[in-house]
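What follows is a single structure, written as structure tokens, with notes after it.
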Amino acid sequence: MGPQDRWAALLDILGRDGRLDVADAAAELDASPATIRRDLDQLAARRLLTRTRGGAHPAGVAYDLPLRYKTGRFTEEKARIGAAAAALVPPGSVVAVNGGTTTSEVARALAATDGPGGPDPDRPDYTVVTNALNIATELAVRRTVKLVVTGGVARPSSYELIGPLAEPSLTRLHLDHVVLGVDGLDPGAGATADHEGEAAITALMVGQADHVVVVADSSKLGRRSFARICPLASVGTLVTDTGADPALLAAFADAGLRVVAV
692 MGPQDRWAAL LDILGRDGRL DVADAAAELD ASPATIRRDL DQLAARRLLT
742 RTRGGAHPAG VAYDLPLRYK TGRFTEEKAR IGAAAAALVP PGSVVAVNGG
792 TTTSEVARAL AATDGPGGPD PDRPDYTVVT NALNIATELA VRRTVKLVVT
842 GGVARPSSYE LIGPLAEPSL TRLHLDHVVL GVDGLDPGAG ATADHEGEAA
892 ITALMVGQAD HVVVVADSSK LGRRSFARIC PLASVGTLVT DTGADPALLA
942 AFADAGLRVV AV
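What follows is the structure, given as structure tokens:
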């Protein structure tokens, strides 16, 4: 495991447990305590955590992992999830995607789809609506995609546009599908996010869509985050990986979701 992957794993442990012990983290990540201590010092220097004697705790009350440190986690699973979710969207559809590492994979898969439009820029295969700057940057050069970007104020940690400037553009659109990345999906709490501004914009997308697809690797299932996006009843399909807890998948299916595990 390289340094970036290790840092992402350490931040994941902090988000999961609320604290981190050097010895426990070293055992979990199969690394030496000295390596973990150096990693924690590096993360503390970036103000992503606070060092304590023998470990660390989150730097603030709200814990929101920057996107660049999420990219090394569950990479193969996210690629499979992205491809499977894109396959659910018929060519010619208007589809919204919010920010996140898994939705980035969905956007890449949509852009790579060989639909009826071919290379003709006047006949795009998909219209993609997004509030994520990184996704917009990738799709802007794809001739098979008509790209619509919301307004808003950019969050540096996620590259998402949020706030009242983003809202008017969404309320004027009809969406065939919305593909949501979430920080948590729970049978009781529904779809949730770590940041209330991101949750609000994503909730608007849900309200404008005919069909809602949640894309989430198994680490997000059964988790409840700070801000609610929508109840489970608003979600039509869940696409996740085969490492998910079968009991959780059964609970989502019992709630009426179509569950796709890849």
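Residues 692 to 953, numbered by our numbering, are exactly what the sequence shown covers, in order.
Just so you know, even glycine gets a beta-carbon here, dropped at the ideal spot from N, CA and C.
- DSSP places D721 outside both helix and strand once states are collapsed to three, so it counts as coil.
- If you check the CB distance, L876 and V905 come in under 8 Å.
- In the displayed model, V797 falls within a helix according to three-state DSSP.
- Between the region 894-909 and the region 865-875 there are three or more C-beta pairs closer than 8 Å, enough to call the two in contact.
- Counting the other Cβ atoms within 10 Å of the Cβ of P847 gives fewer than 16, which makes it exposed.
- Taking C-beta atoms as the reference points, A802 and T766 fail to come closer than 8 Å.
- V819 is bridged by DSSP to V786 and L838.
- The beta carbon of L929 sits closer than 6 Å to the beta carbons of V905, F943, L948 and V950 from its chain, once the five residues preceding and following it are set aside; these are given in chain order.
- When DSSP states are grouped into helix, strand and coil, R697 belongs to the helix group.
- Closest option to K837, judged by alpha-carbon separation, among T818, A882 and L734: T818.
- Going by C-alpha positions, V788 is about 10 Å away from A827.
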